Every structure is written in structure tokens, then in C-alpha cells.
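Chains as they are written, first to last, in numbering that gives the first Met the number 0: chain B, 0 to 168; chain W, 0 to 198. Have a look at the structure below, then the notes.
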Amino acid sequence: MSIRLDMYLFTKDNRAIVEPQNDIFATALLVMGFVVFACIVSKTYLAHENSAFALENYEEASLIAQSIVHSHMLQGSRMDLISAEKLDELSNPQVDKQNLNLFFDSFSPSIEFQVDISTDDGVYMWQIRNTLSSRSSVAYIAASVPVTIELNPIQQVPGTLTVKLFKDQ
Amino acid sequence: MLIRSTFFQDERGWIDFFLSKTALILASVVVIAAIYHFALNMEEISYKKELDRLSAELLYYIDNVGSSSEETCVTYAIDFNHLPHFQYKTVEVLISCEYVIINANIDGKSIIAAKAPAFRVYPYSPSTLSNNLKSNYGSNGSINEPIRADYADIIKYLTSITKEVSFNTSNPIYIQKTFIYFTDDINVDKIGYVLVYQR
């Protein structure tokens with residue numbers, strides 16, 4: 000009853016107090032609409048940038064992973080095998096620092112990455128990291144490829160090689 | 000006292016009218032300027048995106064060739080039909096050891112897209128690489144003539160003689176994977192390079 004009365008008073012109110020300011024309300028609404036529109040467009044653009052950044056760097060990480068899989072520095076007794084012995088050497092920089100440097104120097108100095116290799120049963124795990132790297136950031140894009148690891152001349156096990164590419168966004 | 004009472008007793012509403020209309024005009028100017036800048040920014044972003052797409056495409060070709068385990072060569076040509084904003088504009092491709100830079104001039108304003116390849120790049124032809132290595136080390140770095148030097152020294156030398164090379168966008172760009180062989184008189188090892196050049 001009270002609402003009906005208010006509406007009645009509003010439509011029958013001939014004093015026109017609000018009417019001269021109608022254009023100000025309309026402009027305020029327009030400004031608010033524009034701000035909301037700009038916010039939505041910016042958010043969409045940022046989301047698109049993030050996904051494009053991830054996709055682009057995923058491609059790069061994936062190409063690095065493929066290159067490492069076919070690298071002669073990790074090759075086992077056959078082209079398609081990765082030698083566990085060579086992984087032991089590279090994951091332990093104290094053993095053969097020269098080889099580790101050659102491994103990372105094959106790539107551009109402007110990129111930083113680390114390589115994680117593990118057998119699918121989780122028994123063996125290697126991590127190849129550049130000892131000269133000073134990056135403390137934890138943001139990275141990773142790409143994995145399935146590999147076959149030659150543990151010894153008679154034992155080969157399936158595993159995964161993951162390249163973690165560190166990037167500043 | 001007299002002024003105050005005149006001000007409050009004035010019921011013609013002119014002050015109210017002028018104030019509200021001035022505020023309205025100012026607000027309209029601000030809104031129109033904001034929309035104009037927003038549209039300009041959107042246009043610049045679309046130019047930048049197109050250049051980014053072009054640099055990402057060229058980078059993909061370089062990285063793809065770089066990831067190959069064998070010596071291989073591909074040809075890349077910029078297709079301006081897929082770049083509607085740059086069809087009749089000057090686009091410059093600059094390649095150095097570390098960066099692929101695409102620079103376009105739009106109405107006197109320079110727009111740049113730069114990306115870093117994952118592999119070592121040498122922006123010269125195989126014959127230039129061979130001649131440079133031969134003149135500095137006495138061997139051309141092929142499997143038959145490995146260089147008697149440390150690989151780090153070879154990288155340092157090639158980096159020091161590499162400048163930013165400008166490529167003509169109307170001609171094809173050749174991207175070739177090659178290996179430089181080096182030896183310590185006991186073992187022969189190799190390091191991969193991606194050569195980017197034009198004939």
C-alpha cells in the first residue's frame with residue numbers, strides 16, 4: 000500500500016525537482032557504462048595475452064625438449080634411447096662441468112631452463128640445471144615428451160623428459 | 000546581508016542552469032576524449048598484435064629448424080596478404096645473435112616486436128660462417144676440418160663478429176641448421192647453429 004502510494008506521488012508530482020538534472024544522471028550512467036566496458040575489454044585482453052604467452056612459450060619449451068631428446072649428448076646405444084649414464088654425469092655438475100656447459104651453451108644465452116627426467120615408475124629421477132643461472136623466479140612454462148631411458152645395456156624403461164622454461168612475463 | 004538574501008530569494012534558476020550545463024559539457028568532453036584514446040589504443044594494440052604474430056611465426060621457423068638433430072634448411076617468406084595493416088607499409092626484420100626484431104613505421108611512430116630464439120643464431124650465410132672460421136682458426140668447422148679450439152672460444156668469437164643484420168622482407172629468408180665441429184685432438188664434438196640469411 001505504501002509503495003503504491005509512493006509511486007502515485009512520484010507520477011503525480013508536478014514540482015519537477017529532479018527533471019532539470021536528468022541529463023546529469025544520464026551522463027553519470029554513460030560514464031559508468033563506459034568504465035565498465037573498458038574494464039571488461041582490458042580484462043579480456045589481459046586474459047588473451049596470458050593464454051597467448053603460455054601457448055607461445057609452450058611451443059618453445061616443446062621444441063627445446065625435442066631437441067634435447069635427439070641430442071647426441073644424451074644419446075644411448077641407439078638414437079631413440081637416452082643414456083642413464085650420461086644423465087648421471089650431466090645432473091651432477093661436479094663430475095663433468097665442461098659437458099654441462101656445452102649442453103646449455105647449445106642454446107641461446109637469453110633463455111633459461113632446466114630439464115627434469117624421470118622414469119615412469121618414479122624410481123629414478125634426474126635434474127639438469129645450469130649452475131651459472133642466477134634466476135630466483137619460480138614462474139615457468141613446462142613441456143614434456145615421452146622418452147625411453149637406457150638404464151643399462153639390457154634394461155630400458157619408459158620415462159618423461161620435462162623442460163621448464165623460466166620466463167618473465 | 001542584502002546580497003545573501005538576493006541570492007537565496009532568486010527563483011529564476013539561471014545559476015542552477017549554467018552550473019549543470021557547464022558540468023555536463025565538461026563531462027561530455029572528458030567522456031569523448033576517453034573514448035577517442037581508448038579507440039586509438041585499441042588500434043595500436045591491433046598493429047602490435049599483428050607484428051607479434053609475424054615475429055612469433057618467424058621465431059617458430061627458427062626454433063623448429065634449431066631443434067632438428069640433422070642439418071636442414073627451410074625457406075620462409077613473409078606473406079603480407081595475412082598482414083592487412085602492413086601491406087603498404089615499411090616493415091624491417093632485424094636479426095642478431097640473441098633477438099629477432101620486427102620494426103614497422105606507422106605514421107611516423109615506430110612499432111617493435113622482439114623475441115628471443117631458443118637456439119644459437121648466426122645471421123649470415125654458410126659460406127660467410129665457413130670463411131670467418133677459416134680465417135680465424137685455419138679450419139672451416141666442417142666434419143672433415145674440425146676446429147682445434149674450445150667451443151666456448153668459438154661461441155665468443157662468433158658472437159663478437161655478429162652485428163644486427165637487416166633483412167629485405169620482399170625476398171625469402173633461408174633458415175639453415177648447421178653444426179660446427181671442434182676437437183681437442185682426442186674427441187670430436189659439435190655445436191649447433193641456426194644460420195639465417197638471404198641470397
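Beta carbons: idealized from backbone N, C-alpha and C, even for Gly. None of these values were measured; they are calculated from a predicted model.
Closer than 8 Å between beta carbons: that is the criterion. Which residues of the region 81–109 of chain B meet it against chain W?
N100, L101, D104, S105, F106, S107, P108, S109
Hey, out of W:A76, W:P125, W:T5, whose CA is closest to N167 of chain W's CA?
W:A76
Compare the C-alpha of A55 of chain W against each of W:P83, W:Y98, W:K20 and name the closest.
W:Y98
Would you check if there are 3 or more beta carbon pairs closer than 8 Å linking the region 85–96 of chain B to the region 56–74 of chain B?
yes
I want to verify the contact list: residues of chain W whose CB lies under 7 Å from the CB of A219 of chain B, in sequence order.
Outside the displayed span of chain B (0 to 168) sits residue 219 of chain B, for which this structure offers no information.
Are there 16 or more other CB atoms within 10 angstroms of the CB of N186 of chain W, so buried, or fewer, so exposed?
exposed
Assumed close pair C72 of chain W, Q175 of chain W - CB separation to whole angstroms, cut-off 8 Å
4 Å
Can you confirm whether F118 of chain W, when its beta carbon is compared against all beta carbons of chain B, has any partner nearer than 9 Å?
yes
What beta strand (DSSP E) runs, 3 residues minimum, are completely inside the region 106–149 of chain B?
111–118, 124–128
Closer than 8 Å, Cβ to Cβ, to anything on chain W: give me those residues from the region 63–74 of chain B, in chain order.
I63, Q65, S66, H69, S70, H71
Given 8 Å as the limit, is there contact between the region 96–108 of chain B and the region 17–30 of chain B, that is, 3 or more CB pairs closer than that?
no
Residue-level contact to chain B via CB, L23 of chain W, 9 Å cutoff:
yes
Output the residue ranges of the alpha helix (DSSP H) runs that lie fully inside the region 67–152 of chain W and measure 4 residues or longer, sorted by chain position.
125–136
Straight-line gap, G137 of chain W to P145 of chain W (C-alpha atoms, nearest Å)
10 Å
Grouping DSSP H, G and I as helix and E and B as strand, with all else coil, what is N151 of chain B?
strand
Chain W contacts made by the region 9–27 of chain B, where a contact means CB separation under 7 Å
P19, Q20, D22, I23, T26
State yes or no: is the C-beta of A60 of chain B within less than 9 Å of the C-beta of I127 of chain B?
no
If we define contact as Cβ-Cβ less than 9 Å, is F165 of chain B a contact residue for chain W?
no
Can the beta-carbon of F52 of chain B be found less than 9 Å from the beta-carbon of K163 of chain B?
no
Out of curiosity, what's the CA-to-CA distance linking I110 of chain W and N170 of chain W?
22 Å
Using a Cβ-Cβ cutoff of less than 7 Å, which residues in the same chain neighbour L82 of chain W once the five nearest sequence positions on both sides are dropped?
E49, L53
So which residues of chain W does L29 of chain B contact, with C-beta pairs closer than 7 Å?
V30
In whole angstroms, what separates the C-alpha of I14 of chain W from that of L23 of chain W?
14 Å
Considering L57 of chain W, what are the terminal residues of the beta strand (DSSP E) in which it resides?
Unbroken run through L57 of chain W is the alpha helix (DSSP H), 13–65; no beta strand (DSSP E).
Considering only DSSP beta bridges, list what S82 of chain B is partnered with.
B:E149
Taking a contact to mean a Cβ-Cβ separation below 9 Å, would you say L194 of chain W touches L93 of chain W in this structure?
no
Could you round the C-beta distance between I190 of chain W and I179 of chain W to whole angstroms and report it? I think they count as a contact, below 8 Å.
5 Å
Flag S141 of chain W as yes if its beta-carbon sits less than 9 Å from any beta-carbon of chain B, otherwise no.
no
Please tell me whether L93 of chain W has its Cβ less than 9 Å away from any Cβ of chain B.
no
Bridge partner(s) assigned by DSSP for S165 of chain W
W:L93
Closer than 8 Å to a non-hydrogen atom of the ligand FMN - does that hold for the CB of T168 of chain W?
The ligand content of the structure shown is nil, which means the ligand FMN is not present either.
For T26 of chain B versus V28 of chain W, is the C-beta spacing smaller than 9 Å?
no
Taking only the alpha-carbon atoms, compute the straight-line gap between Y156 of chain W and N131 of chain W and give it to the nearest angstrom.
9 Å
Helix, strand or coil: how does DSSP classify G191 of chain W here?
strand
I'd like to know whether the C-beta of G107 of chain W is nearer than 9 Å to at least one C-beta of chain B.
no
Can you look up I16 of chain B in the DSSP assignment and give me helix, strand or coil?
coil
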